[in-house]
Amino acid sequence: MKNYFKFYSLLIISLVLIGCTNAEQPNVFGYESEDGNKVNITTGDQASLEVIINYFEGYNNKDLETVESLEHEDFLGFAHTGQVVEGSKQHIEMSKKFLDQFPNAKWEILWSISSDINFKNKPTENWVTTCLNTSFGEGENKNNFQRIFDAQIVDGKIKKAYLYQRDMSDKEIN
1 MKNYFKFYSL LIISLVLIGC TNAEQPNVFG YESEDGNKVN ITTGDQASLE
51 VIINYFEGYN NKDLETVESL EHEDFLGFAH TGQVVEGSKQ HIEMSKKFLD
101 QFPNAKWEIL WSISSDINFK NKPTENWVTT CLNTSFGEGE NKNNFQRIFD
151 AQIVDGKIKK AYLYQRDMSD KEIN
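In the working numbering, the protein residues as written are 1 to 174.
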(Lines of atoms letter the chains of each structure in order from A; the text may use other names.)
(Lines give C-alpha, C1' and ligand atoms only; values in the text may rest on other atoms or scores of the structure.)
Protein backbone atom coordinates (compact mmCIF):
# COMPACT_ATOMS: atom_id res chain seq x y z
CA MET A 1 0.00 0.00 0.00
CA LYS A 2 2.84 2.32 0.89
CA ASN A 3 4.48 1.68 -2.50
CA TYR A 4 1.21 2.49 -4.33
CA PHE A 5 0.97 5.74 -2.42
CA LYS A 6 4.57 6.69 -3.40
CA PHE A 7 3.92 5.66 -7.00
CA TYR A 8 0.72 7.72 -7.31
CA SER A 9 2.28 10.65 -5.49
CA LEU A 10 5.23 10.66 -7.89
CA LEU A 11 2.88 10.24 -10.85
CA ILE A 12 0.74 13.20 -9.78
CA ILE A 13 3.77 15.39 -9.09
CA SER A 14 5.25 14.45 -12.48
CA LEU A 15 2.01 15.26 -14.29
CA VAL A 16 1.75 18.61 -12.52
CA LEU A 17 5.34 19.51 -13.37
CA ILE A 18 4.95 18.42 -17.00
CA GLY A 19 1.69 20.33 -17.26
CA CYS A 20 3.36 23.49 -15.94
CA THR A 21 6.14 23.57 -18.49
CA ASN A 22 5.80 26.30 -21.04
CA ALA A 23 6.63 24.73 -24.37
CA GLU A 24 8.09 27.27 -26.77
CA GLN A 25 5.65 27.61 -29.61
CA PRO A 26 6.01 30.14 -32.38
CA ASN A 27 3.71 33.13 -32.16
CA VAL A 28 1.63 32.75 -35.34
CA PHE A 29 0.05 36.06 -36.30
CA GLY A 30 -0.63 35.72 -40.00
CA TYR A 31 -0.17 33.73 -43.16
CA GLU A 32 1.17 33.93 -46.69
CA SER A 33 0.17 31.85 -49.67
CA GLU A 34 2.57 29.31 -51.10
CA ASP A 35 1.31 27.31 -54.06
CA GLY A 36 -2.29 27.95 -52.97
CA ASN A 37 -1.64 26.85 -49.39
CA LYS A 38 -1.39 29.02 -46.29
CA VAL A 39 1.97 29.05 -44.51
CA ASN A 40 2.45 30.59 -41.08
CA ILE A 41 3.96 33.98 -40.42
CA THR A 42 5.55 34.05 -36.98
CA THR A 43 7.51 36.49 -34.83
CA GLY A 44 10.86 37.11 -36.50
CA ASP A 45 14.40 37.80 -35.39
CA GLN A 46 14.35 40.97 -33.29
CA ALA A 47 17.96 41.75 -34.30
CA SER A 48 16.62 42.48 -37.79
CA LEU A 49 14.85 45.53 -36.37
CA GLU A 50 18.26 47.04 -35.56
CA VAL A 51 19.25 46.66 -39.22
CA ILE A 52 16.30 48.86 -40.21
CA ILE A 53 16.92 51.41 -37.44
CA ASN A 54 20.58 51.74 -38.47
CA TYR A 55 19.61 51.90 -42.15
CA PHE A 56 17.33 54.91 -41.73
CA GLU A 57 19.67 56.55 -39.21
CA GLY A 58 22.26 56.30 -41.99
CA TYR A 59 19.92 58.16 -44.33
CA ASN A 60 19.08 60.80 -41.72
CA ASN A 61 22.81 61.34 -41.09
CA LYS A 62 23.54 61.40 -44.86
CA ASP A 63 25.88 58.46 -44.18
CA LEU A 64 25.57 56.42 -47.36
CA GLU A 65 28.50 54.21 -46.35
CA THR A 66 26.36 52.90 -43.49
CA VAL A 67 23.37 52.47 -45.80
CA GLU A 68 25.50 50.56 -48.32
CA SER A 69 27.02 48.37 -45.59
CA LEU A 70 23.50 47.24 -44.64
CA GLU A 71 22.59 46.10 -48.17
CA HIS A 72 23.72 43.01 -50.04
CA GLU A 73 25.69 43.79 -53.22
CA ASP A 74 22.91 42.17 -55.24
CA PHE A 75 20.21 44.18 -53.43
CA LEU A 76 16.93 44.26 -55.32
CA GLY A 77 14.50 47.11 -54.71
CA PHE A 78 10.98 47.64 -56.02
CA ALA A 79 9.69 51.23 -55.78
CA HIS A 80 6.10 52.40 -55.59
CA THR A 81 6.61 53.94 -59.06
CA GLY A 82 7.34 50.59 -60.69
CA GLN A 83 11.06 51.31 -60.84
CA VAL A 84 13.36 48.38 -60.11
CA VAL A 85 16.73 49.01 -58.46
CA GLU A 86 19.27 46.30 -59.19
CA GLY A 87 22.30 46.27 -56.94
CA SER A 88 23.45 48.25 -53.95
CA LYS A 89 25.78 50.41 -56.06
CA GLN A 90 22.87 51.62 -58.23
CA HIS A 91 20.79 52.28 -55.12
CA ILE A 92 23.57 54.31 -53.46
CA GLU A 93 24.11 56.38 -56.63
CA MET A 94 20.38 57.18 -56.72
CA SER A 95 20.38 57.97 -52.99
CA LYS A 96 23.34 60.34 -53.38
CA LYS A 97 21.56 62.27 -56.14
CA PHE A 98 18.40 62.43 -54.03
CA LEU A 99 20.23 63.68 -50.93
CA ASP A 100 22.17 66.24 -53.00
CA GLN A 101 18.85 67.59 -54.30
CA PHE A 102 17.04 67.36 -50.93
CA PRO A 103 19.58 67.80 -48.12
CA ASN A 104 16.78 68.26 -45.56
CA ALA A 105 15.23 64.83 -46.25
CA LYS A 106 14.09 63.09 -43.06
CA TRP A 107 12.90 59.55 -42.29
CA GLU A 108 10.97 58.95 -39.06
CA ILE A 109 10.19 55.35 -38.11
CA LEU A 110 6.68 55.05 -36.67
CA TRP A 111 6.68 51.28 -36.18
CA SER A 112 8.57 48.22 -37.32
CA ILE A 113 7.85 44.50 -37.03
CA SER A 114 10.05 41.49 -37.77
CA SER A 115 8.39 38.35 -39.07
CA ASP A 116 9.42 34.95 -40.36
CA ILE A 117 7.56 33.30 -43.22
CA ASN A 118 7.75 29.56 -42.60
CA PHE A 119 7.56 28.18 -46.13
CA LYS A 120 7.12 24.46 -46.67
CA ASN A 121 8.89 24.21 -50.03
CA LYS A 122 11.75 26.66 -49.49
CA PRO A 123 13.73 28.09 -46.56
CA THR A 124 12.13 30.38 -43.99
CA GLU A 125 12.46 34.08 -44.85
CA ASN A 126 12.82 36.96 -42.39
CA TRP A 127 11.06 40.21 -43.34
CA VAL A 128 10.89 43.52 -41.51
CA THR A 129 7.91 45.72 -42.33
CA THR A 130 8.36 49.36 -41.31
CA CYS A 131 6.10 52.41 -41.46
CA LEU A 132 7.89 55.74 -41.96
CA ASN A 133 6.98 59.37 -42.27
CA THR A 134 9.26 60.86 -44.92
CA SER A 135 9.65 64.53 -45.75
CA PHE A 136 11.84 66.50 -48.14
CA GLY A 137 11.81 69.83 -49.97
CA GLU A 138 10.92 73.27 -48.64
CA GLY A 139 7.98 75.66 -48.52
CA GLU A 140 5.27 74.95 -51.06
CA ASN A 141 7.51 72.29 -52.59
CA LYS A 142 7.74 70.28 -49.38
CA ASN A 143 6.71 66.65 -49.78
CA ASN A 144 5.33 64.57 -46.92
CA PHE A 145 4.78 60.89 -47.50
CA GLN A 146 3.98 57.92 -45.37
CA ARG A 147 5.83 54.86 -46.57
CA ILE A 148 5.77 51.16 -45.89
CA PHE A 149 9.20 49.64 -46.37
CA ASP A 150 9.11 45.84 -46.53
CA ALA A 151 12.63 44.42 -46.38
CA GLN A 152 13.94 40.87 -46.54
CA ILE A 153 16.85 40.50 -44.12
CA VAL A 154 19.47 37.85 -44.84
CA ASP A 155 22.59 37.53 -42.67
CA GLY A 156 22.04 40.95 -41.09
CA LYS A 157 21.66 42.85 -44.38
CA ILE A 158 18.83 43.91 -46.66
CA LYS A 159 18.54 41.54 -49.61
CA LYS A 160 15.28 42.72 -51.18
CA ALA A 161 12.85 45.56 -50.45
CA TYR A 162 9.46 46.83 -51.54
CA LEU A 163 8.45 50.46 -51.04
CA TYR A 164 4.82 51.56 -50.87
CA GLN A 165 3.85 55.20 -50.47
CA ARG A 166 0.93 57.56 -49.92
CA ASP A 167 0.65 61.34 -49.61
CA MET A 168 0.04 62.59 -46.08
CA SER A 169 -2.89 64.92 -45.44
CA ASP A 170 -2.41 68.38 -43.94
CA LYS A 171 -4.17 67.11 -40.79
CA GLU A 172 -1.46 64.48 -40.30
CA ILE A 173 1.39 66.92 -40.81
CA ASN A 174 0.30 69.70 -38.47
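Even glycine gets a Cβ: it sits at the ideal position worked out from N, Cα and C.
Everything numeric in this text was worked out from a predicted model, so none of it was measured.
When rounded, the separation of the alpha-carbon atoms in residue 52 and residue 36 is 31 Å. Residue 126 is bridged by DSSP to 116, 153.
Its chain contains 42, 44, 124, 126 as the residues whose beta carbon lies nearer than 6 Å to that of residue 116, once the 5 sequence neighbours on both sides are disregarded; these appear in chain order. When Cβ pairs closer than 8 Å are counted between the two stretches, the stretch 66 to 75 is seen not to touch the stretch 137 to 144, the count staying below three. Secondary structure at residue 138: coil, using DSSP grouped into helix, strand and coil. Residue 163 sits close to residue 79, with the two beta carbons spaced by under 7 Å. By the CB criterion at 7 Å, residue 64 and residue 109 fall outside the cutoff. Each residue's CA atom was taken as its position, placing residue 38 and residue 113 some 20 Å apart.
Residue burial annotation: residue 81 is exposed, with fewer than 16 other C-beta atoms found within 10 angstroms of its C-beta. Its chain contains 106, 107 as the residues whose beta carbon lies nearer than 7 Å to that of residue 60, once the 5 sequence neighbours on both sides are disregarded; these appear in chain order.
For residue 56, the secondary structure class from DSSP, reduced to helix, strand or coil, is helix.
Non-local C-beta neighbours of residue 28 in its own chain, meaning closer than 8 Å and more than five positions away in sequence, comprise 40, 41, 42, ordered along the chain. A check of alpha carbon separations from residue 172 across 160, 134, 138, 154 identifies 134 as the nearest. DSSP, reduced to helix, strand and coil, places residue 90 within a helical segment of the structure shown. The C-alpha of residue 104 lies about 18 Å from the C-alpha of residue 168. Under the three-state reduction of DSSP, residue 98 is assigned to helix.
The C-beta separation of residue 88 from residue 75 comes to about 4 Å, placing the pair in contact by the 8 Å criterion.
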